Structures are given as structure tokens and as C-alpha cells.
Amino acid sequence: MRLLTIEYSSERINEPGKSPGIALYKGTAPWRDRVLRRLYLRGVSELVYGEYIVETAISRGVMLWGGRGRVGAVLALASLSPGDPYTFELIAYRYPENWGRPRCVDHDPVKESCIPACASNNYDLSTTKLAAAPSGPDPILAGFRGVCIKGLGCYASVLCEEPHFWVLYRSNQHTDIHYDVLTGELTPYKSIRVTITILDKEKLPGSHILLQGLHPDIGKIIVAVYRETGPMRRLAENLVRGDVVEVMGTVRPYPGLDEGYTLAAEKLRIIRLNNEIVRIAPRCPRCGKRMKSMGRGKGYRCPRCGYRDPEAQPILILGVRRIAPSVITPTPSSLRHLVKPPWLGSGPVTPIPYRLLKVDEVFSIRVPPPTTVELCSDCM
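So the sequence shown is numbered by this note's numbering: it starts at 1 and just counts up by one.
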């Protein structure tokens, strides 16, 4: 395994920030080790120092090799225990002679040939960006994510470059596994979910939006919705005082903001919309023209005929909301790997009952493994 890791990371091993690693656990169920399991759950949701992770793994008998990649490898050991939500990723690897060369993946079939309900974040229609193909010189040709183990096999038709081999992975991608319920003060760099009532909003330079919300136990919480989140930012712009939303994101500082930490939104769920009251000017009783305000509490005047009424009041009407209760995330190309997209539903992502797969079901030299895998509803 060590030699295989070196072989398949050799093109990037000397690049800045690239430091592969291996973690080996002696046994069959590392998630039963409570220390490693807790370490995994902390690692996906909050800031944990790499040195502590490595030291803890060694104390639990884990064998390690390599550099910084050991940290992620250790955390992965205790992931995906029975009952955990999961998705699949079918990865096509390249021939070594093609590493570093431009990839050949046909965009149109990715959009049209596969079952949309099975796919997860493979293509961004809003930006026409293929999210399934990496851009670096690594050995991966493309990785297709989804919840239908057999449906992923149809993606073989989109590759105009012959893959070296295929591997089917079960992963925690797009499962929301990293969100912890907020139970106290905001902890820096922790991923949380919290329900707030909107108090106010502010549009900042760069088209970012700050939402000021109220939590019944914590008090005021500032939520940052960045321009790059696309549809989520547009939704935030239409929120009004009294709306109730669930915010999922990561606690972090906002540059130039002196109010402590903000919650950088990665996902918004509208729970309840408040009635929006719109104030409009009354019409002139003399000529029918819409009047203009003469100042706060000073009444209105008609710009056409000059009629003045210092006692006139604005007319209050119920506004039409342009949003509805829903779940909104950024576009697929901006979606973080662990965030579950709305089209996968609101419940746990558990497409089939858990069971171990045989090697010939997840590894194939030519044909994608899902084309041959048969998983019945009661197989465990």
C-alpha cells in the first residue's frame, strides 16, 4: 500500500501543500474504538490539531506513514459506521502516461445521460462547470458522486479518454455529517446548525450580506452570506424581520467586523416566513397623482398640483414574498463536499442497507463496478 500511495501521488508529492499519508488499523471495525470514533466526529465538525490526532492514533495502535495526509487518514478510519449516512463515488483513474495532460470528459452526456435523482453535484448547470473532473496533475480522470450504486455506471459513456481502472467508494460526502447542534456560545471554526429569527440585514461592499438573527438561548447571532454562494445570497437578500430560518455553516471571523465571530452560511432552510408590510404613499385627492413625503411625520404633498396634507399617512399593504419555505445551498461548483444538496432530501442519506462489498464489486479494470453489482433491499 505504501508503494501504491507513492506511485499514485508522485506527480503532486513535491507540490506546495501536498503531503500524502497512510493510516492502518489492525482489526475489522475501527469505529468501535470509542476514542477513534470521537476523534472522527470532532475532526469533521471542529478544529482539532494535527499533532493531537497523530499522537492519539499512535496511542490506539494505529500504524502511520507519510506527512500531513496522515491526519485525514486517521479520521477516516472510524468513519462510516453502520447507521451513518453515506453516498457513493465512482472514480476512474488514468493511465500513468496521461498524468499531467488535459482530461477528456464530455460535458453534455454528464448533463443528459444519467438519472438526475441518482446524481449528486457532478455538473453545475448555472456555470456549465464539470464538478466531477479535477484540474490538477493527479491520477484521477473523473469522480462521479450519487446515491444509486448501479446508476453511476452510466457515467462510463461520458469519458472520451480510456480509464486505467475504476474504484467505487462509499463516503460521507453530501451527508451533512459535520453539523453539530449549537448548545452554547459560538466556538471558532466549528460547523453548527442553529435556528434564528431574523432581526435585520445589511448589504456590505462586495455584495456580501450580514443577517442579524436572534436565538432564544444564545442571543444575537451574525450570519455572513457571501456573494459566491449564488442562490443562497439571493435568498438572504429577500429575508425580512420576523422570518425564521435554520442556518448551517462554520463559525469564523469576518474581516473588519468588531462583533466577534460570525456564522458563515453554507446552507439555509426557511422554516417560517413573516408577513412583509409595505408602506406606499397615498394618492392626491385633487388630481390622483401619487404624493411624495415631506419628511418624517410632516405629511405628503403632490408633485403635480402642489396639494399638501400635513396629516396624511402612508398606506400599509401586505407585500408579496418572492421566496417560500425551502432549503437553499450554493451552486454545485461552490458546494462544500460534506454539505448535502437539497435534491437529496431532508432525511439521512442512506441509499441501501449497509454491508461490506467484495473486491470484485468495487474494483474493475475496464467496466465500472456498478454495472455488475446487484444489491437487494434486504442484503446486509
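Glycine residues also receive a C-beta, built at the ideal position from the N, C-alpha and C atoms.
As the structure is a computational prediction, the values presented were derived from the model and not from experiment.
CB of residue i within 7 Å of CB of residue j, strictly
i	j	result
GLY27	LEU75	no
VAL278	GLY319	yes
ALA57	TRP166	no
SER45	HIS178	yes
VAL223	ALA265	yes
VAL251	LEU239	no
VAL105	LEU159	yes
VAL245	LEU268	yes
ARG145	TYR86	no
PRO255	TYR261	no
PRO134	ARG94	no
ALA23	LEU64	yes
CYS118	GLY83	no
TYR25	VAL62	yes
ILE323	LEU235	yes
ALA132	ALA142	yes
Residue of the options minimising C-alpha distance to residue i
i	options	result
LEU257	GLY184, GLU202, ALA281	GLU202
THR175	ASN275, GLY61, LEU64, SER79	SER79
LEU168	SER135, SER120, PHE88, VAL223	PHE88
LEU338	GLN173, ALA73, ARG94	GLN173
THR187	GLY249, ALA29, LEU239, LYS129	GLY249
LEU204	ARG233, ALA312, ILE317	ARG233
ARG103	GLU161, LYS190, SER120, VAL240	GLU161
VAL181	VAL247, TYR52, HIS164, LEU152	VAL247
ARG296	PRO310, GLY306, CYS305	PRO310
LEU90	ARG336, CYS287, CYS154	CYS154
PRO285	HIS164, ARG308, ILE271, TYR52	ARG308
ALA73	SER81, ILE192, GLY50	GLY50
ASP33	GLU237, SER81, GLY21	SER81
CYS287	CYS305, GLU276, ILE270	CYS305
7 Å Cβ shell around residue i - same chain, five flanking residues per side excluded
i	result
LYS292	ALA281, TYR300, ARG301, PRO303
MET294	TYR300, ARG301
GLY206	ARG227
LEU214	ILE196, THR197, LEU199, LYS220
SER120	THR87, ARG145, GLY146, VAL147, HIS174, PRO341, LEU344
6 Å CB neighbourhood of residue i in its chain, flanking five on each side removed
i	result
TYR381	Outside the displayed range of the chain (1 to 380) lies residue 381, so it cannot be described from this structure.
ARG37	TRP31, ALA78
GLY230	PRO330, THR331
ILE317	VAL278
LEU47	TYR189
GLY21	GLY66, GLY67, GLY69, ARG70, ALA73
Residue i (DSSP reduced to helix, strand or coil)
i	result
PRO342	helix
PRO253	strand
ALA224	strand
LEU90	strand
GLU311	coil
TRP99	coil
ALA324	coil
GLY72	helix
SER19	coil
MET409	Since the displayed the chain opens at 1 and closes at 380, residue 409 lies outside it and no answer follows.
LEU316	strand
VAL35	helix
ILE53	helix
GLY219	strand
THR28	coil
ARG42	helix
THR197	strand
ARG279	strand
Close-in-space but distant-in-sequence residues of the same chain around residue i (CB under 8 Å, 5 per side omitted)
i	result
ARG283	LYS289, ARG290, MET291
SER19	ILE13, GLY66, GLY67, ARG68, GLY69
GLU185	ILE218
ALA312	PRO282, MET291, GLY299, TYR300
Residue(s) in a DSSP beta bridge with residue i
i	result
THR262	ARG252
GLU202	LEU210
ILE58	ILE58 pairs with nothing; no bridge assigned.
LYS292	ARG301
GLU162	DSSP, once it has assigned bridges, lists no residue as partnering GLU162.
ASP180	ILE192
ILE140	TYR93
GLY242	Bridge partners of GLY242: none, in fact.
ARG145	GLU89
ILE270	VAL245
VAL105	LEU159
Any C-beta of chain E under 7 Å from that of residue i
i	result
ARG145	The structure shown contains no chain E; it is built from a single protein chain.
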